[in-house]
Amino acid sequence: KFYLNVTSIPPLQILNATRGAWDYFHKLAGCHAGDRVSGLSKLKQYFRRFGYITTAATGNFTDDFDDVLESAIRIYQKNFDLKVTGELDAATLRQIVLPRCGNSDVIDGSSDMNAGKGFQKTAMTAGAARIRTTKR
Amino acid sequence: YSFFPGKPRWPARKRDLIYAFVPQNNLTEDVKRVFSRAFDRWANVTPLRFTRSGSLLRADIVIGFFSGDHGDGEPFDGAMGTLAHASSPPTGMFHLDGDEDWLISDGGGENRRILSVTSLVDLESVAVHEIGHLLGLGHSSVKDAIMYPTIAGGDRKVELAKDDIEGIQHLYGGNPDGTASSENSSRGRETSGGAE
């Protein structure tokens, strides 16, 4: 639907604003390495979707908070100038659930998102099996 | 700013790019004007020019709204979530999620919060971002940059930031007819030059 201006939006539309597609991830707050929590596999799919996990697996992720996930979180935190903890802290989750562009942040296993700010090119490291990425 | 691997860009012979809308969307002029404004923002700071065409055959860039799986391997996910995606040069595919609620007002040139809580997405903000991809820019870590990957519902962010301008001018150079450059735009003021 297209709305010409803010006043044309029905009040109910504002009151019943659709929950974010990824609000579900808020329940993963506080998870850290070694945990097994239902929903972590979906978070891995999210990170795979945006290039942070480059494994060739086609969605068969486990709910384990493993090295692959921790590595993905660290790279994500660097890219979004968050404190790099490797954990699912509140600031990281607030960023993850925001609506966003569907293009990947990490392409072909490396990320230049921070390149303009003097960071070194961030290679995908420990645990992130570098096999191939999907070319659109 | 960042680029796609290999730094693809439109070739030097292609400085006048033609865009067209998927006819099945039956978009109104109000909607099409939003894209025109978004293209202008990039034209103001580059030697590139953008012209709308009614013919897909002539178009370098094709714009369409789609829902769910639309055949490019990157299905949309309903309201919110992913809002749009675009290809790197010289492919020219620009897809937007047809399940979003889009605001198409001419909200002015300034970045601002339109509503405090809403699932409404400012179309021009997303269009300016995706055109950056179509021209060769990747995502940026600079929060004020257009090429920052996320945008909150109800936010309007349409002003090119210094980071965006530096990135695009690295690929194409500045606008020979204008004065806009990264030097005179500290953090994305409305840039002058070109038609303005």
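Protein chains in written order, with our numbering: chain A, 8 to 143; chain B, -12 to 183. In this text, a Cβ means the ideal position worked out from N, Cα and C, and glycines have one as well.
- Note that the stretch 75 to 84 of chain A does not touch the stretch 38 to 57 of chain B; fewer than 3 beta-carbon pairs, one per stretch, sit closer than 8 angstroms.
- Per DSSP, B/Gly154 lies in no beta strand (DSSP E) segment; the continuous alpha helix (DSSP H) that holds it begins and ends at Lys149 to Tyr159.
- Here B/Pro77 really is in contact with B/Pro(-2); their C-beta atoms are around 7 angstroms apart, less than 8 angstroms.
- Distance from the CA atom of B/Gly123 to the CA atom of B/Trp29, rounded to whole angstroms, is 12 angstroms.
- In chain order, Pro106, Arg107, Cys108 and Gly109 make up the part of chain A whose C-beta sits under 9 angstroms from the C-beta of B/Leu70.
- Counted as a single uninterrupted DSSP element, the alpha helix (DSSP H) harbouring B/His120 occupies residues Leu110 to Leu122.
- DSSP places A/Ile82 inside the alpha helix (DSSP H), whose first and last residues are Asp74 to Asn86.
- Pairwise C-beta distances place the stretch 63 to 81 of chain B out of contact with the stretch 23 to 38 of chain B, as fewer than three of them are shorter than 8 angstroms.
- Taken through DSSP and simplified to helix, strand or coil, A/Ala98 comes out as helix.
- By the criterion of at least three beta-carbon pairs nearer than 8 angstroms, the stretch 105 to 118 of chain B is in contact with the stretch 138 to 154 of chain B.
- B/His157 is not a Cβ neighbour of B/Ser(-11), given a cutoff of 8 angstroms.
- For B/Leu4, the enclosing beta strand (DSSP E) stretches over residues Asp3 to Phe8.
- Rounded to whole angstroms, the gap between the alpha carbons of B/Arg24 and B/Phe81 is 16 angstroms.
- Look at B/Thr137 here: in three-state DSSP terms it is strand.
- In the structure shown, B/Ser128 adopts coil according to DSSP, grouped into three states.
- With a cutoff of 8 angstroms on beta-carbon distance, A/Phe57 and A/Val113 are scored as near each other.
- Taken through DSSP and simplified to helix, strand or coil, A/His33 comes out as helix.
- One alpha carbon belongs to B/Gly51, the other to A/Asp42, and they sit about 42 angstroms apart.
- Taking a 10 Å sphere around the C-beta of B/Val32, we find 16 or more other C-beta atoms and assign the residue as buried.
- Listed by position along chain B, the residues whose Cβ is nearer than 7 angstroms to that of A/Ile16 are Leu107.
- Sixteen is the threshold: when 16 or more other Cβ atoms of the shown chains lie within 10 Å of the Cβ of B/Ala148, as they do, the residue is buried.
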